[in-house]
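Asks:
There are 2 protein chains.
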Amino acid sequence: MDSLENLLTGLEKRQVRALARAISHIEDDGPFREAMIAYCFARGGRAHVLGVTGAPGAGKSSLVDRMVAFLRRQGKTVGVVAVDPSSPFSGGALLGDRIRMQDHATDKGVFIRSMGTRGSLGGLAYTTKDVVKIMDAYGFDIIIVETVGVGQAELDIMHVADTTLVVLTPGAGDAIQTIKAGIMEIADIFVVNKADLPGAEKVVSEIEMMLDMKCDHCVFRPPVVSVSALEGRGVEQLWQAVEKHVAYMQESGVLTTRREQRCVNETLSLVDYFWHRLVEKQYRQQDGVSKLLDRVKARQCDPYSAARQILTMICNGVGVGNQGQS
Amino acid sequence: MDSLENLLTGLEKRQVRALARAISHIEDDGPFREAMIAYCFARGGRAHVLGVTGAPGAGKSSLVDRMVAFLRRQGKTVGVVAVDPSSPFSGGALLGDRIRMQDHATDKGVFIRSMGTRGSLGGLAYTTKDVVKIMDAYGFDIIIVETVGVGQAELDIMHVADTTLVVLTPGAGDAIQTIKAGIMEIADIFVVNKADLPGAEKVVSEIEMMLDMKCDHCVFRPPVVSVSALEGRGVEQLWQAVEKHVAYMQESGVLTTRREQRCVNETLSLVDYFWHRLVEKQYRQQDGVSKLLDRVKARQCDPYSAARQILTMICNGVGVGNQGQS
């Protein structure tokens, strides 16, 4: 097994294998996870994180591949995390990764990693955030997080991004109706992919109409960009839109406040996570808790008094110095 | 304002006004709430709690009124909690309560109380459970909790019941499709109300078919009872079904295990509730928490370390002896 030192030295030296192993370690919720994150978090904050989301079949992977090729031509290094919550598979050995990596096989400036549901700690959202931290410390200029926008979990994943692209396509019925409301809210840029297909213009005007209603007083109105990932058209315009968004965020200070708010949210959600892990452990281990619950069952103690006592017991368990480790 | 002593003495003497005031005190999350519950919980556990749920317009109120009249003729005392999560109104002054109470105006063996969204502590589920505890200690033989079965919150409310009646009606399209899956799961008895309308037989056979599939190995197969609350038909048969369910639960020991499990669930959910209230308070008050969050924002501390330290801070706040009071 890797030692923590080996992993950190490998990351420091920008060894691709160390990066891959570090990410696997996060996915496996390995023993060095928190130490690695502490190391990487202190060295991060430089990459721009792009989120790409949209319904299944919207052509997100092809679009991301086109963006990677474009960015490489600009001399930028790119890390890609492709999150598929419906897949039980993870890791670099995935067929999809191999195919996607082929174009960039000899290019050290690109790293693509697929993740399925293997990640354990609090689900994929935590894992994704940590993988982004690793890639950030590793030194990629751009990190792209790609995921299917189907539920709350995927929305949570998107909260890692500085700029979020929502990908829509013509021909999927009323495109706007088929996309969840919450996903429209997080869009910084709308991408109408498959612009070669009939109906693409209609989707663009539908989105613009929605924005007309919503963005009456918007400081930043999300642009709508048509692309064809298949034909490779529109990628440069898309990147210009991203750069405009970045410029707006830097000038307005929104980038800093967004990132700071993300730090706070992530920390507080980890407090909650550690608490629940602690509670589960204490319920199993603490004799006092089950005795109290038995007293409630027998109506010798009421639920409120019991709950307050249990809270104190659990907190005392933390207070005596194990720092909430579980 | 009432004193705790007055409230408890009034309940002890079975004064209706004390009962009404005690319930208002719960709804207002008043200062004596927990002391009252401790008192009542120790004296409760005798009433049989019936839950009645179903879609809006299923005729739940009329059915409950018929049941109350029937039970009174049997010499049983009845408390009714009618929970309407969509209503902002609560309390005995509600027009609906007055109308519903008219039939029983001089009858001290009946008490009907409507509750809307006024209850604060963890929402209506907590309030309802506590009102049932008060009515139980007051000495009603039967307590009926009536609510619209539309969401998770209403399902939670139903977890107070020993026997749950799910009320369906003909003519609401495919009745079973219109009722949420979770509600079908909690049914101990299916009631097809408005049996005077065409299509009632079809609803009965639809439910039976569903039960044929689901209850291949059921120890207790929920019966399906047709009633007409309007015409007052079927109420006696319904009560016989309830008594059969009670007998089954007593003989099998299910009644005890269900009630014990409810005690455990309620206590553990209160632990969670107190924890979150504590966390909110500490975030506002503890200087250390916001200083740590500032350090995370500046990447001087990573989210994991910060979360563990915040957990310890909050727990220490409890450990020093304030017992989680907030």
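As given, the protein sequences belong to chains A and B, one line each in that order.
Counting from 45, one number per residue, gives the positions in the first sequence under this note's numbering.
Counting from 45, one number per residue, gives the positions in the second sequence under this note's numbering.
Where a beta carbon is used, it is the ideal one built from N, C-alpha and C, also for glycine.
Just so you know, these numbers come straight off a predicted model, no measurement behind them.
Quick one, which residues of the segment 342 to 357 of chain A are near chain B if we go by CB-CB under 7 Å, in chain order?
Replies: R343, D346, P347, Y348, S349, A350, A351, R352, I354, L355 and T356
Asks: Listed from N- to C-terminal order along the chain, which residues in the segment 56 to 81 of chain B have their beta-carbon within a distance smaller than 7 Å of any beta-carbon of chain A?
Replies: E78 and I81
Asks: Would you identify the three-state DSSP class for L47(A), choosing helix, strand or coil?
Replies: The sequence shown places Ser at residue 47(A), not Leu. Three-state DSSP puts S47(A) in coil, outside helix and strand.
Asks: In the structure shown, what three-state DSSP assignment does I156(B) receive?
Replies: strand
Asks: Under 8 Å Cβ-Cβ, which residues of chain B neighbour E304(A)?
Replies: Result: K341.
Asks: For S349(A), report the span of its alpha helix (DSSP H) as first-last.
Replies: For S349(A), the enclosing alpha helix (DSSP H) covers residues P347 to G361.
Asks: Using the Cβ count rule (16 or more neighbours within 10 Å means buried), how would you classify G365(B)?
Replies: Only weak support exists for where G365(B) lies, its pLDDT of 42 falling under 50; the coordinates are left without a value.
Asks: Helix, strand or coil for F114(B)? Go by DSSP, reduced to three states.
Replies: helix
Asks: Note down the Cα distance separating G361(A) from K335(A), rounded to an integer number of angstroms.
Replies: 17 Å
Asks: Please state whether DSSP places V315(A) in a helix, a strand or coil.
Replies: helix
Asks: Which residues bound the beta strand (DSSP E) around G98(A)?
Replies: H92 to G98
Asks: Along chain B, which residues have their Cβ under 9 Å away from the Cβ of L94(A)?
Replies: Listed along the chain, the chain B residues whose CB falls inside 9 Å of the CB of L94(A) amount to none; the nearest CB is some 20 Å away.
Asks: Check the C-beta distance from V340(B) over to V211(B) and give it rounded, since I have them as a contact under 8 Å.
Replies: That pair is no contact at about 52 Å.
Asks: With a threshold of 8 Å, are at least 3 pairs of Cβ atoms found where one atom belongs to the segment 230 to 241 of chain B and the other to the segment 265 to 276 of chain B?
Replies: yes
Asks: Would you please verify whether the beta carbon of T172(A) is less than 8 Å from any beta carbon of chain B?
Replies: Under the Cβ distance rule, T172(A) does not count among the residues neighbouring chain B, no pair being separated by less than 8 Å.
Asks: Can you give me, in chain order, the residues of the segment 308 to 329 of chain B that have a beta carbon less than 9 Å from any beta carbon in chain A?
Replies: V308, E310, T311, L312, S313, L314, V315, D316, Y317, F318, W319, H320, L322, V323 and Y327
Asks: Just reading off the beta strand (DSSP E) that T207(B) is part of, what are its end residues?
Replies: Per DSSP, T207(B) is one residue of the beta strand (DSSP E) stretching across T207 to L212.
Asks: Which of the three DSSP states is assigned to G376(B) in this structure?
Replies: Past the edges of chain B, shown from 45 to 370, lies residue 376(B), and the structure says nothing about it.
Asks: Return no unless some Cβ of chain B is closer than 8 Å to the Cβ of F85(A).
Replies: yes
Asks: Is there a Cβ from chain A that is less than 8 Å from the Cβ of C359(B)?
Replies: yes
Asks: When we look at the beta-carbon of V247(B) and count the other beta-carbons within 10 Å, is it buried (16 or more) or exposed?
Replies: buried
Asks: Please report the straight-line C-alpha distance between G278(B) and K288(B), rounded to a whole angstrom.
Replies: 15 Å
Asks: By Cβ distance below 6 Å, which residues in the same chain neighbour T213(A) in space, the five residues on each side in sequence not counted?
Replies: A102, N237 and K238
Asks: Taking only the alpha-carbon atoms, compute the straight-line gap between D151(B) and K120(B) and give it to the nearest angstrom.
Replies: Approximately 12 Å between the Cα atoms of the pair.
Asks: Does the contact criterion of 3 or more C-beta pairs under 8 Å hold for the segment 81 to 95 of chain B versus the segment 178 to 191 of chain B?
Replies: yes
Asks: What residue ranges within the segment 53 to 108 of chain B form continuous beta strand (DSSP E) runs of no fewer than 3 residues, ordered along the chain?
Replies: 92 to 98
Asks: Measuring only the C-alpha atoms, how far is G98(B) from D206(B)?
Replies: 17 Å
Asks: Considering just the uninterrupted stretch of the beta strand (DSSP E) at T172(A), what are its terminal residues?
Replies: Run containing T172(A): none in the beta strand (DSSP E); it sits in the alpha helix (DSSP H), L168 to Y182.
Asks: Using a 10 Å radius around the Cβ and a threshold of 16 neighbouring Cβ atoms, would you call V60(A) buried or exposed?
Replies: exposed
Asks: So, is R117(A) buried or exposed, given that buried needs 16 or more other C-beta atoms within 10 angstroms?
Replies: exposed
Asks: Where do the ends of the alpha helix (DSSP H) carrying S296(B) lie?
Replies: V279 to S296
Asks: Taking only three categories from DSSP, how would you classify G163(A)?
Replies: Any reading at G163(A) needs caution, since the residue's pLDDT is 47, under 50, leaving its predicted position unreliable; the model's value is listed next. G163(A): coil per DSSP, three-state reduction.
Asks: Alpha carbon to alpha carbon, what distance is there between R306(B) and T79(A)?
Replies: Residue identity differs from the one stated: residue 79(A) is Ala in this sequence, not Thr. Roughly 41 Å between the two C-alpha positions.
Asks: Within 10 Å of its beta-carbon, does R270(B) have 16 or more other beta-carbons around it, so buried, or fewer, so exposed?
Replies: Reading off the sequence shown, one finds Ser at residue 270(B), where the question assumed Arg. Under this definition S270(B) is a buried residue.
Asks: Would you say L337(A) faces chain B, with C-beta separation under 8 Å as the test?
Replies: yes
Asks: Cα-Cα, which of K104(A), I178(A), A169(A) and S349(A) is closest to F155(A)?
Replies: I178(A)
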